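Only one structure is covered here, and it is reproduced in the block below.
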Amino acid sequence: MPDDTLAPYNAKRNFTRTREPAGKVGKTGGNSFVVQKHEATRLHWDFRVEMDGVLKSWAVTKGPSLDPADRRLAVRTEDHPLSYGDFEGAIPKGEYGGGTVMLWDRGTWAPVPGKSADDLKDGHLHFVLHGERMKGEWLLVRMKGRPGEKRENWLLRKIEDSEAEPGDGDRLVARALTSVLTGRSMAAIAADKGGTQSLAGLDGKAFARKMATARTHNAGLKARGKRRGGPPRFASPQLATLVDSVPHGNDWLHEIKFDGYRALIAVAGDKVKLFTRNGLDWTAKFGPLVSAFAAIDLPPALIDGEIVAFGADGNPSFATLQAALKRGHGEKPADAPFSFFAFDLLSLDGMDLKPLTLIERKERLEALLRDARAPIHIADHVIGAGEALYRSMCDAGQEGIISKRADALYRAGRTRSWVKIKCTRRQEFVIIGWSKSRARGRPFASLLLAQHEGRTLRYKGKVGTGFDAAAMDELARAMAPLAVDEAPADVPPTDARGASWIAPKLVAEIAFAEFTADGRVRHGSFLGLRADKKPREVKPERSRPAPAPASAVTITHPDRVIFPESGQTKGELADYYGRVAPLMLPFAARRPISLVRCPQGRARKCFFQKHDSGSFGSHVRHVPIREKGGQTEDYLYIEDGDGLAACVQMGTIEFHGWGSRVDAVEKPDRMIFDLDPDVGLDFDAVKRAARDIRDRLRDIGLVSFALLSGGKGVHVIAPLTPGHDWETHKDFASRFAQALSVAEPDRFVATMSKAKRKGRIFIDWLRNQRGSTAILPYSARARAGAPVAAPIDWDELDGMKDAHPFAIGDAATLIERASRLKGWGFAAQGLPPL
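By the UniProt record's numbering, the letter at position 747 of the sequence shown is numbered 747, and the numbering carries on one by one without gaps.
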C-alpha cells in the first residue's frame with residue numbers, strides 16, 4: 001500500500017508538538033485491533049482494526065455496547081499507522097484531537113467464516129474480536145449518506161452470542177475505567193505531564209522507570225494542594241426529583257439511595273472541612289471521617305457523598321446514625337461508627353468539574369480515591385439495569401435508588417437528570433405542636449406535622465409511633481423552648497383540641513403509607529430529627545413520571561435551562577417529547593415542518609428554520625419542494641421519536657406543520673382556523689367563537705376539533721380527504737372567514753390589520769396557504785412556563801380558563817387524558833387522521 005494512504009493522518013499533525021507517531025505504512029497481513037478512549041472535544045472511543053498495513057479507524061461516540069439492540073454511531077476517520085496502536089498519553093491542547101488518550105482495549109480480529117476484509121469496500125464488516133474487553137461477534141455497517149455530507153457514518157453493533165449482554169450494553173464503558181497497558185485512569189494519564197505519553201515498546205526496567213516518574217509526578221499533585229492554600233469553598237449540591245418508576249435505557253446509571261446525611265467534603269492535604277447540603281460546617285461532628293480524609297493527603301477537591309451508619313440488619317440506618325452522633329465518637333478512623341460513600345466530584349486541583357459529564361466526574365473520583373480505605377468508600381453504580389437494582393434494594397429493606405443521567409453536567413438544585421425512586425414513602429415535615437399523653441411518664445402522645453405549600457404552612461396530620469423513650473425525651477427538650485400560644489397552621493378542631501403549639505423550627509423525617517384524600521399522613525412513623533434541613537425548604541414531594549426512555553439521539557447539555565421563568569431544562573423538554581411522541585407523531589410524522597429553534601433558551605435569540613444542510617443528523621429527513629420562484633429546496637420532516645429528539649438536540653422548542661404530507665405535498669389534508677383575540681378580550685369570547693365556527697363547519701358537513709394553542713387562542717381544525725389543490729383550499733378558507741366577518745363584524749375580522757382587529761377576534765385563515773404552517777398538537781411553545789398545544793374535547797372547552805393550561809411537566813396527564821378524547825383527529829366519521 002502506498003505511503004500516501006497516511007497522508008491525511010500526517011497532514012493533520014505537527015509532530016514537533018505531539019508525541020503521536022509519524023505515519024508510515026507497515027507490513028501487511030496482521031490482524032490486530034485496538035480501542036483508544038479519547039477525551040478530546042467530546043469523549044469517544046476510537047475503534048481501529050489492522051488492514052493493509054494501517055489501522056482502519058472509527059470514532060464511536062458512546063463507546064461499544066454489549067447489547068445487540070444498541071446500534072452505536074461510528075464515524076469513519078482517517079487511517080492511522082500501526083504504531084498508533086501502542087499510543088497512550090496526552091495530545092497537546094490546540095493540536096488535532098487535543099486531549100487524553102487511553103489504550104482501552106487490544107487484541108486480534110478476524111472476519112466471520114464466509115466473509116472477508118474486502119467487504120469493507122461494500123460498506124459492511126462482519127467480524128469476531130478476541131480482545132481483553134471486547135469479545136465475540138460484531139458488525140460494522142455504513143449508513144446511507146446524503147448529498148454534500150462530508151463525514152462517513154457507520155453503525156457498530158454487537159451480534160447476539162455468549163459474549164452479548166442484552167439490556168446491559170454499557171457494562172464495559174461503565175466498569176472498564178483503566179488502561180490495559182498501564183492500569184491508569186484517564187485522570188492519571190491526563191495528570192502525567194512528565195513525558196510518559198508513550199509507554200509501549202519499553203523493556204521492564206525502562207517501563208518501571210517511566211511509571212515511577214508518573215507516580216512521583218502524581219504525588220507532586222497532592223503536595224501542590226498544600227501550597228495552594230485551603231480546601232475548596234462549599235458549593236450547593238445537586239438534588240434528585242422524586243419519580244414513580246425507574247427510568248429505562250443505557251443513558252442512566254443507578255446508585256443505592258443511602259439512608260443518611262448528605263455531605264460535601266472539602267479537602268486539601270491534611271486540611272478537611274465537612275459541610276451539610278445547606279452549607280453548615282459539621283466538621284466537628286464527624287471527627288473520624290475528617291481524620292480519614294486527612295490521612296490520604298489529597299489535592300484540593302470537593303467531594304459529594306452520603307454519611308451513613310449501619311444498623312443491626314446490615315442496612316444503612318438513619319436511626320443508628322443519629323444514635324452514633326448523640327453518644328459521641330473517637331477521633332481515629334478506626335473508631336468511626338459511620339461510613340462515607342463518595343458518588344461525585346465537583347472540583348479537583350483548582351479545576352471546576354461540574355461542566356463535565358457524570359461518567360467523567362466519576363472516573364476522576366475513582367482515580368482520586370483509589371488509595372482510600374474504610375470508612376471512605378466509592379459508591380457503586382450500574383448502568384441500564386435500574387429496575388433490577390431497585391427490586392433488590394426493596395427486597396433488602398433499603399430506602400430505594402437514585403438514577404442519574406450519565407451524560408449530564410452537575411447543576412445545583414433539584415433537577416430531572418437526578419431522580420429518586422423510593423421503596424417506601426418518606427418525607428420531611430415541620431413539627432408545629434404535640435398532643436398530650438394519658439400514659440404516665442410519656443411526655444406527649446403524638447406530633448402535629450405540616451409542610452410548606454407556596455407561602456402557606458399546611459397541616460399534614462399526626463404521627464404517634466416510632467419513638468423510644470430516649471427519642472421522646474429529646475423531642476420534649478427540643479420543643480419546650482419553642483412554645484407559642486397559637487397554631488402556626490390551620491388545624492381542624494378535632495386535631496387541635498388539647499394540643500400544645502411550637503414555632504415551626506424543627507424538621508422531622510417521617511415514614512408513612514400514603515397521603516389521605518384530605519392530605520394527611522396515614523400510618524406515619526417517626527424516624528428522627530433532621531438538623532441538616534431548613535424548615536422553610538420542607539415541601540411536599542410529589543412523584544413525577546420517570547423520564548422518557550432514551551432514544552438513539554444523545555441530548556447534550558441536558559441541564560441547560562431553556563425556560564428561565566420556570567427553570568425547565570433541555571433534558572426535561574427532551575423527556576417531554578419522548579413521552580408524548582406516540583400522541584404527537586400521528587399529526588407530525590411525514591409532514592413538512594418548520595421549527596422554532598432557541599439554542600440558548602427561549603429568553604435568548606430564537607428563529608424559524610424549515611431547511612437543513614445536514615446538521616440535524618440522519619433522523620431528520622428531507623423532502624424536495626418547489627418554491628414560488630421555481631427553485632427546489634429541501635424541507636425538513638420527521639418519521640419517529642428519534643426525529644423529534646434530534647430536533648430538540650439542535651435547540652428546537654416548537655414544531656409547526658404544513659397542511660399536507662410529504663408524499664402528497666400538493667394535496668392539503670386539513671383546514672385550520674386560528675382564532676387570535678385582540679389584546680384585552682377575555683378567553684370566554686374565544687371559546688364562544690370556536691364553538692360558533694364548529695357549528696358553521698358542521699352545517700356544511702365538516703367535522704372539526706379544538707386545539708388549545710398554548711398561547712392565547714384556539715385552533716379549529718377540520719381533517720379533509722386529500723384530493724383538491726392548494727388554490728381551492730385557500731379560496732374556500734378565505735371565503736369562509738370573510739363570510740363570518742361580514743355576518744358579525746363586531747366579533748370577527750378576517751384581515752391581519754391590527755387597527756381593524758381592535759376588540760375583535762382575527763380569524764386567521766392564512767394558515768391554509770401552500771407553505772404556511774400551524775403549531776402541531778402536543779408541541780411545546782417557546783413561551784414562559786413551557787406551555788404546550790393541547791387537543792381538547794368540545795364539551796370540556798367551557799371549563800378552560802385560558803389556552804395554555806398544560807405544560808411540558810404534564811406529560812402524564814396528557815397521556816392519560818388522550819385515551820378519553822372523543823376521536824380527536826383520528827378516523828372520526830370515516831375521515832382520515834389529521
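By construction, the Cβ of each residue, glycine as well, lies at the ideal position given by its N, Cα and C atoms.
Everything numeric in this text was worked out from a predicted model, so none of it was measured.
- Burial check for P791: the Cβ neighbour count within 10 Å reaches 16 or more, so the residue is buried.
- Taking a cut-off of 8 Å for Cβ pairs, the region 291 to 303 and the region 248 to 265 touch, as three or more such pairs fall below it.
- Exclusion of the five residues before and after P443 leaves M472 and A476 as the residues of its chain whose Cβ lies within less than 6 Å of its Cβ.
- Secondary structure at W726: helix, using DSSP grouped into helix, strand and coil.
- Distance from the CA of V75 to the CA of Q609, rounded to the nearest whole angstrom, comes to 26 Å.
- For P21 and M351, the gap between their C-alpha atoms comes out near 30 Å.
- In the structure shown, A487 falls within a coil segment according to DSSP collapsed to helix, strand and coil.
- If the five residues before and after P92 are omitted, its C-beta is found closer than 8 Å to the C-beta atoms of R17, T18 and G98, all from its own chain and listed in chain order.
- The C-beta of V484 has fewer than 16 other C-beta atoms within 10 Å across all chains shown, which makes the residue exposed.
- One thing to note: I717 has its Cβ no nearer than 8 Å to the Cβ of G657.
- In terms of CA proximity to T182, G89 leads the group A323, G89, F338 and R133.
- A Cβ-Cβ contact shorter than 8 Å links Q36 with M102.
- D725 and C598 have their C-alpha atoms roughly 34 Å apart.
- Our two residues, V703 and L697, have alpha carbons roughly 7 Å apart in a direct line.
- By the Cβ rule, the region 746 to 762 does not count as touching the region 525 to 536, because fewer than three pairs are nearer than 8 Å.
- Taken atom to atom, the span from the alpha-carbon of T108 to that of H130 is near 5 Å.
- Between N768 and G641, the CB-CB gap reaches or exceeds 8 Å.
- Taken through DSSP and simplified to helix, strand or coil, D663 comes out as helix.
- In the structure shown, V112 falls within a coil segment according to DSSP collapsed to helix, strand and coil.
- Only residues of its own chain outside the window of five on either side were considered, and among them H38, A59, V60 and T61 have a CB closer than 7 Å to the CB of H44, listed in chain order.
- For P81, there is no enclosing alpha helix (DSSP H); the residue is found in the beta strand (DSSP E) stretching over R72 to P81.
- In this structure, DSSP gives K420 an extended state, which the three-state scheme calls strand.
- When the beta-carbon positions are compared, V788 and G713 stay at least 8 Å from each other.
- In this chain, the alpha helix (DSSP H) harbouring F587 covers K570 to A588.
- In the DSSP assignment, I693 falls within the unbroken alpha helix (DSSP H) covering F683 to D699.
- Here the alpha carbon of Y96 sits roughly 47 Å from the alpha carbon of A664.
- Annotation: the continuous alpha helix (DSSP H) that includes Q649 extends over G641 to Q649.
- Taking a 10 Å sphere around the C-beta of K801, we find fewer than 16 other C-beta atoms and assign the residue as exposed.
- Looking at the backbone, the Cα of R184 and that of A191 are separated by about 10 Å.
- Taking a C-beta distance under 8 Å as the contact criterion, D344 and R361 qualify as a contact pair.
- Leaving aside the five residues that flank R455 on each side, none in its chain has a CB nearer than 6 Å to its CB.
- With distances taken between CA atoms, R458 lies nearest to V491 out of S435, V491, I376 and K436.
- Nearest neighbour of Y84 by Cα position, chosen from V54, G617 and L482, turns out to be V54.
- Secondary structure at G528: strand, using DSSP grouped into helix, strand and coil.
- Distances from the alpha-carbon of A412 to those of D52, L239 and I421 put L239 closest.
- Non-local beta-carbon contacts of E572 in its own chain, meaning distances under 6 Å to residues more than five positions away in sequence, involve R416 in chain order.
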